[in-house]
Amino acid sequence: EPEVTQTPSHQVTQMGQEVILRCVPISNHLYFYWYRQILGQKVEFLVSFYNNEISEKSEIFDDQFSVERPDGSNFTLKIRSTKLEDSAMYFCASSEGIEYFGPGTRLLVL
Amino acid sequence: GENVEQHPSTLSVQEGDSAVIKCTYSDSASNYFPWYKQELGKGPQLIIDIRSNVGEKKDQRIAVTLNKTAKHFSLHITETQPEDSAVYFCAAEDSGGGADGLTFGKGTHLIIQP
Numbered sequence: 518e519p520e521v522t523q524t525p526s527h528q529v530t531q532m533g534q535e536v537i538l539r540c541v542p543i544s545n546h547l548y549f550y551w552y553r554q555i556l557g558q559k560v561e562f563l564v565s566f567y568n569n570e571i572s573e574k575s576e577i578f579d580d581q582f583s584v585e586r587p588d589g590s591n592f593t594l595k596i597r598s599t600k601l602e603d604s605a606m607y608f609c610a611s612s613e614g615i616e617y618f619g620p621g622t623r624l625l626v627l
Numbered sequence: 679g680e681n682v683e684q685h686p687s688t689l690s691v692q693e694g695d696s697a698v699i700k701c702t703y704s705d706s707a708s709n710y711f712p713w714y715k716q717e718l719g720k721g722p723q724l725i726i727d728i729r730s731n732v733g734e735k736k737d738q739r740i741a742v743t744l745n746k747t748a749k750h751f752s753l754h755i756t757e758t759q760p761e762d763s764a765v766y767f768c769a770a771e772d773s774g775g776g777a778d779g780l781t782f783g784k785g786t787h788l789i790i791q792p
């Protein structure tokens with residue numbers, strides 16, 4: 518069964534550093550998403566991406582965040598200058614009508 | 679924007695009994711309501727969903743009901759088993775897998791007591 522994959526599974530970084538989280542969506546899906554989940558809290562929508570551009574973004578998705586589909590398979594989330602409060606689980610999802618989530622990347626900012 | 683409330687935050691039931699988790703939503707434009715199960719250290723996995731043109735959907739031991747007038751929907755798990763123990767999230771969206779993204783509830787930690 519096709520699934521969304523994410524790398525790395527864990528990432529530790531210093532405050533102020535840039536991080537790139539990577540996702541490979543399910544191949545025939547057209548919509549891609551990033552969500553985050555701070556420990557013990559609910560999953561929060563960050564951004565959706567369709568036809569090589571951002572469709573919607575939440576207020577969390579500020580200028581420090583960017584997304585890119587650099588090739589036909591990868592979908593990335595970049596955080597330019599990480600803050601302590603960026604520590605969370607980041608989930609990628611893709612959709613053809615139903616959203617399927619990847620296993621997540623646990624980001625820890627020290 | 680959409681706001682989804684979910685109750686209870688923790689639910690403990692005896693193995694074999696039924697579990698019910700309830701959610702309310704605020705945006706009457708929402709028409710897609712999925713339920714996700716999240717096991718420790720994993721991503722949310724879709725277990726069942728319902729769209730606003732139906733009032734109930736069932737898949738083996740799992741059922742979801744939707745009341746659009748009252749803006750609430752519920753997850754029912756019958757004959758609970760130890761492997762049902764997990765955190766369950768309800769969500770709402772106004773397009774179903776489209777641009778807007780899902781608005782999640784805060785989750786229910788379901789504990790199945792042997």
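Residue numbers (our numbering), protein chains in the order written: chain U, 518 to 627; chain C, 679 to 792. Every residue, glycine too, gets a C-beta built ideally from N, C-alpha and C. Fair warning: this is a prediction, and the values are worked out from it, not measured in the lab.
In the DSSP assignment, find the beta strand (DSSP E) that holds residue i and state where it starts and stops.
i	result
Asn745(C)	Ile740 to Asn745
Lys736(C)	Glu734 to Asp737
Leu547(U)	Segment: none, Leu547(U) is in no beta strand (DSSP E) and carries neither H nor E.
Lys559(U)	That residue, Lys559(U), is in no beta strand (DSSP E); it is neither H nor E in DSSP.
Leu624(U)	Thr622 to Val626
Arg729(C)	Gln723 to Arg729
Ile699(C)	Ala697 to Tyr703
Leu601(U)	Run containing Leu601(U): none; DSSP gives neither H nor E here.
Asn689(C)	Before going further, note that residue 689(C) is Leu rather than Asn in the sequence given. It spans Thr688 to Gln692 - the beta strand (DSSP E) in which Leu689(C) sits, taken as one unbroken run.
Gln531(U)	Segment: none, Gln531(U) is in no beta strand (DSSP E) and carries neither H nor E.
Ile615(U)	Premise fails: Ile615(U) is in no beta strand (DSSP E) and is neither H nor E.
Ile596(U)	Phe592 to Ile596
Ser572(U)	Glu570 to Lys574
Ile789(C)	Thr786 to Gln791
Phe767(C)	Ala764 to Ala770
In the structure shown, what three-state DSSP assignment does residue i receive?
i	result
Glu757(C)	coil
Leu718(C)	coil
Leu538(U)	strand
Inspect the beta-carbon positions of residue i and residue j and report whether they are closer than 9 Å.
i	j	result
Val698(C)	Ile740(C)	no
Tyr548(U)	Tyr607(U)	no
Gln554(U)	Gly619(U)	no
Ala769(C)	Phe782(C)	yes
Leu563(U)	Gly679(C)	no
Ile726(C)	Leu689(C)	no
Glu771(C)	Ser708(C)	yes
Val682(C)	Ser706(C)	no
Leu538(U)	Lys600(U)	no
Tyr550(U)	Ser590(U)	no
Gln723(C)	Thr786(C)	no
Gln534(U)	Cys609(U)	no
Ile633(U)	Pro792(C)	Lying before the first or after the last residue shown, residue 633(U) is absent from chain U, which here runs from 518 to 627.
Val521(U)	Gly721(C)	yes
Relative to the alpha-carbon of residue i, which residue among the options has its alpha-carbon at the smallest distance?
i	options	result
Glu757(C)	Gly721(C), Gln692(C), His685(C) and Glu683(C)	Gln692(C)
Asp580(U)	Ser598(U), Pro587(U) and Thr593(U)	Ser598(U)
Glu573(U)	Thr781(C), Pro792(C), Ala777(C) and Ile789(C)	Ala777(C)
Gln716(C)	Gln791(C), Tyr766(C), Leu788(C) and Lys784(C)	Tyr766(C)
Gly686(C)	Gln791(C), Lys784(C) and Ile790(C)	First, the amino acid is wrong: residue 686(C) is Pro here, not Gly. Of the candidates Gln791(C), Lys784(C) and Ile790(C), the one whose C-alpha sits nearest the C-alpha of Pro686(C) is Lys784(C).
Ile577(U)	Val536(U), Val560(U) and Val626(U)	Val560(U)
Inset, instruction - Mind checking the segment 722-746 of chain C against chain U and listing, in chain order, the residues whose C-beta falls within less than 8 Å of any C-beta there? - result: Pro722, Gln723, Leu724 and Asp727
Legend entry - Interface residues of the segment 548-559 of chain U facing chain C [CB-CB below 8 Å]: Tyr548, Tyr550, Tyr552, Gln558 and Lys559
Legend entry - Within 8 Å of chain U by C-beta, residues of the segment 689-706 of chain C in sequence order: none
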